[in-house]
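In this text, residue positions in the sequence shown follow the numbering used here: the first is 126, and each later residue adds one. All C-beta atoms, glycine included, are put in the ideal place defined by N, C-alpha and C.
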Amino acid sequence: MTSLDMPQRAPGLFRRAPAGVNRADAVGLVRVAAPVAGLALVNMAMSVTDTFMTAAFGPEALAAVAVASDAYSIVFYLAVGCIGGLAPLYASAHAAKNTAQMARLRCAGWIVAALLAAPLAAVIWYGPAYLPLFGIDTSLMDRGAGYMRAMALTFPVMLSVAVLRTRLTAIERPGVMLRITLAALPLNALFNQLFMHGAFGFEGIGVTGAGVSSCLVGCLILLALAFESRRLGDSTLQKPAVSEIAEVLRIGIPIGVATLAEVGLYLGATLYVATLSVSDAAAHAVAIRLAGVTYALYFGLQQAATVRMARQCADGDHRERVAASALALGLASGALLLMIVLSIATPLSSFVFGGADPDTALIALALLGLLAVSDFFGPLGAAAAGLLRGLKVTRPVMTISLIGNWMVAAPVALFLAAVADMGAIGVWIGLTTGTVVTALLTVGIFFDQTSKRLR
């Protein structure tokens, strides 16, 4: 059953603002959101571990790995977004106990991953050849070539992991993923030490070892997730119809483009700020790291909203309660993040930069204040986007993401930073403005799209 096949038994569905937050629905959302957010934080911890261990080889090696990692991330997030089209379909089939459809969707997910794996892995593999065309120093790419090619081999593995993670989230078992990834965290550091620096008579292979480590850790995570999926009875396959594969892509490609628009903007902002003053770059580094932590929290809410909305199938009354609970949690999360970020802004700026660099501390304080405003609106927008994806409505979310990030945030940031000479503060005013516009438009589209369904 698609979202357009819903029986019209609830004439008032979404014609008004969802009324009444249901405690059980709110708890259900948190139970899915918390492990997903925790998983994002653990993945971030792995990235930080790689950064610290790569730094031992000097600033040029660190920069080379950072550029290669950013290029990999752009391709990876696009692909994972496309696979994300599986989530609402799989959640709906699981809630309806339609085991035959679930088996077909499992196969459809693997087919989509296979279609993406080879061409996009090639894009990563040949990165050292074409990235210098974008102005990146050739010597830098030569230094990071081994790492980038190791990550190209890692890419199909992590796409397979993404398929299993999507399915486990859709059946509301994200805690399994969190436990497995937590267990892999010390292994990542151990393998980094072994392959980067060498041990037991084995000579390390430098920064390339970080990519080899990522590949091995990814393989272990994949095996563990496959074992858990089989144990949960989530493994049988049936040949899917072409229409089911197409439906995954129809829902998923806009998710991938929307994710790429957001990730690309923040990566671009980081590269641009690096061309400004040292103070701007240092202050931005602090703000962007904290932004990654806070974003993980409402990314979890977005995933939970998608799954919980999709699982309600044709129950219009329950969908309204899920929507009310998700939007309320978005508002509450935003208010909480606003207070937390504002409360730590001054001590964090002082701790990082101290009295030795008061100018940079003031810039960092301003950026953290802007981050707090962004974090107030971000969770609400994420909840609305998740609800729309749960209803299999993804193109409007993609359009809004492109508008908010590249037609609002980027021009405002460039104008204020370059023309108004506001530096990193101007960049972050642009980023914050884009987040606010995107969040408000997404909420508006949510009510508009859902009300149209029963007109």
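{"Query": "Can you grab the Cα-Cα spacing for the pair Ile619 / Ile296, in whole Å?", "Result": "Because the chain spans 126 through 580 in this model, residue 619 falls outside it and cannot be assessed."}
{"Query": "Please work out which residues of its chain come closer than 6 Å, Cβ to Cβ, to His409, disregarding the five sequence neighbours upstream and downstream, and give them in chain order.", "Result": "Val398 and Ala549"}
{"Query": "Classify Gly323 as helix, strand or coil using the three-state DSSP reduction.", "Result": "strand"}
{"Query": "With a Cβ-Cβ cutoff of 8 Å, do Leu454 and Leu154 count as a contact?", "Result": "yes"}
{"Query": "Compute the Euclidean distance between the alpha carbons of Ala238 and Leu374, then round it to the nearest angstrom.", "Result": "11 Å"}
{"Query": "Compute the Euclidean distance between the alpha carbons of Met126 and Leu341, then round it to the nearest angstrom.", "Result": "Residue placement at Met126 cannot be trusted, given a pLDDT of 36 that sits under 50; what the coordinates show is reported in the next sentence. Roughly 40 Å separates the two Cα atoms."}
{"Query": "Could you check whether the segment 470-486 touches the segment 419-432, counting it as contact only if at least three pairs of C-beta atoms, one from each stretch, sit closer than 8 Å?", "Result": "no"}
{"Query": "Would you list the residues sitting across from Glu353 in a DSSP beta bridge?", "Result": "DSSP output for Glu353 lists no bridge partner at all."}
{"Query": "Tell me where the alpha helix (DSSP H) around Asn168 begins and ends.", "Result": "Arg148 to Thr179"}
{"Query": "Report the rounded CA-to-CA distance for Ser217 versus Leu187, giving the unit in angstroms.", "Result": "44 Å"}
{"Query": "Taking the C-alpha atoms as reference points, what is the distance between Met302 and Leu350?", "Result": "7 Å"}
{"Query": "Looking at the C-beta of Phe572, does it have a partner C-beta in chain C at a distance below 8 Å?", "Result": "Absent from the structure: chain C. Only one protein chain is present."}
{"Query": "Whose CA, out of Ala277, Met321, Phe320 and Ser526, lies closest to the CA of Val561?", "Result": "Ser526"}
{"Query": "When we look at the beta-carbon of Val411 and count the other beta-carbons within 10 Å, is it buried (16 or more) or exposed?", "Result": "buried"}
{"Query": "Roughly how many whole angstroms lie between the Cα atoms of Ala564 and Ala507?", "Result": "7 Å"}
{"Query": "Does the Cβ-Cβ distance between Ile465 and Ser404 come in under 8 Å?", "Result": "no"}
{"Query": "Using C-beta distances below 8 Å, list every residue in its chain close to Ile346, excluding the 5 sequence neighbours before and after it, in chain order.", "Result": "Val286, Ile305, Thr306 and Ala309"}
{"Query": "Can the beta-carbon of Val288 be found less than 8 Å from the beta-carbon of Cys344?", "Result": "no"}
{"Query": "Note the first and the last residue of the continuous alpha helix (DSSP H) segment covering Gly206.", "Result": "Pro184 to Ile208"}
{"Query": "On the three-state DSSP scale, how would you describe Glu445?", "Result": "helix"}
{"Query": "Would DSSP call Phe316 helix, strand or coil?", "Result": "helix"}
{"Query": "In whole angstroms, what separates the C-alpha of Phe352 from that of Arg148?", "Result": "34 Å"}
{"Query": "Using the Cβ count rule (16 or more neighbours within 10 Å means buried), how would you classify Glu372?", "Result": "buried"}
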